[in-house]
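In my numbering, the protein residues as written are 1 to 324.
Taking it in order: structure first as structure tokens, then the write-up.
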Ligand SMILES: NC(=O)c1ccc[n+]([C@@H]2O[C@H](COP(=O)([O-])OP(=O)(O)OC[C@H]3O[C@@H](n4cnc5c(N)ncnc54)[C@H](O)[C@@H]3O)[C@@H](O)[C@H]2O)c1
């Protein structure tokens, strides 16, 4: 079985590729575990020294000829993670629509030309929600994005659902919480601080936090989001039915609670490296995102969140081999 991961040079995409290498199998069209014969990663850049078992292709999601070549008519699974992320899509309207919407449509059209409808997992976001929201969102709340990025994600959720309804793909869209702690370099996501305020202080570096301490975020760890992508892929089509979009579970935490947890784990010297540097643009974007969900459907389908924020930070420290 051939697998394509778009955005495979990115943070989650590459971790997903590593997890698939370790696992070796994925559910095929009939739901039986089939061995993965090839994992292709598409990205405009690969900052890491990639595992030689992965086929890393540097190229653009909007390149239709390249997509046709990469999928080759016999790709069984597609994980679509390539994206101009929130801050980037807000800063460059044209680029956001070109990659996030036109690129996704090009990918879906290529998926449609495969011998069998591929399983297709799309990385959407809680940025799908915005406007007047209830304090806690259940699964029935209608998306009303207040950023271009959120609007692009919602458009692509609809495309995923419609291409599935037509039988062109077997699609599933996951609305991701903010993923923290992100290892390596920050990206242009407006939520980048949610990792920066943990990662940088632990590395001995001062981290400016652009939002106020009472700002809450909806968090999930990199490990749990990779598990969620694989679980979403392997669930049978019947489990999704007519509703192909899912709010992933997470944990609600204020930025202050995150810094307090860091203080408890790593001490004052580390936690005091967080500096409060308000940025009205970032605060505005982050304030438009919801931070509490009931996640009934996700729980029923077997998706799980981390135990709490302290666990997320401890897992990052263990994962990175950091001494505290
Ligand atoms: N990390 C989070 O907190 C979070 C939250 C919600 C949703 N998401 C979504 O999850 C996905 C993965 O996020 P991530 O944190 O790994 O982000 P990331 O920025 O690390 O990865 C995205 C990748 O897409 C690539 N890309 C951008 N334009 C491209 C193009 N034209 N062609 C090919 N590749 C292109 C980038 O180079 C990057 O490597 C994204 O779709 C993002 O919107 C992430």
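C-beta: ideal position from N, C-alpha, C; glycine also.
- Between the region 73-82 and the region 19-37, the count of C-beta pairs closer than 8 Å reaches three or more; the two stretches touch.
- Per the coordinates, the alpha-carbon of residue 47 lies some 21 Å from the alpha-carbon of residue 321.
- Taking the C-beta atoms as reference points, residue 106 is found no nearer than 7 Å to residue 160.
- Judged by their CB atoms, residue 96 and residue 148 are nearer to each other than the 7 Å cut-off.
- A straight-line Cα-Cα distance of about 19 Å links residue 150 and residue 225.
- For residue 43, the shortest separation between its Cβ and any heavy atom of ligand 1 lies below 6 Å.
- Taking 8 Å as the upper bound for CB-CB distance, residue 255 and residue 311 are not in contact here, some 17 Å apart.
- Remark: C-beta atoms of residue 188 and residue 284 do not approach each other more closely than 7 Å.
- With a cut-off of 6 Å, the C-beta of residue 9 is classified as near ligand 1, since at least one heavy atom of the ligand falls inside that distance.
- In the three-state scheme derived from DSSP, where H, G and I count as helix and E and B as strand, residue 230 is classed as helix.
- In the structure shown, residue 38 adopts extended strand secondary structure according to DSSP, grouped into three states.
- The beta strand (DSSP E) runs lying completely inside the region 212-294 and spanning 3 residues or more are 216-220, 245-247, 251-254, 274-276, given in chain order.
- By the Cβ criterion, the region 35-49 is not in contact with the region 120-139, since fewer than three pairs of Cβ atoms, one from each stretch, lie closer than 8 Å.
- Residue 182 sits close to residue 195, with the two beta carbons spaced by under 7 Å.
- Around the C-beta of residue 13, 16 or more other C-beta atoms lie within 10 Å, and the residue is accordingly described as buried.
- In chain order, 302, 303 place their CB closer than 7 Å to the CB of residue 231, counting only its own chain and leaving out the 5 sequence neighbours on each side.
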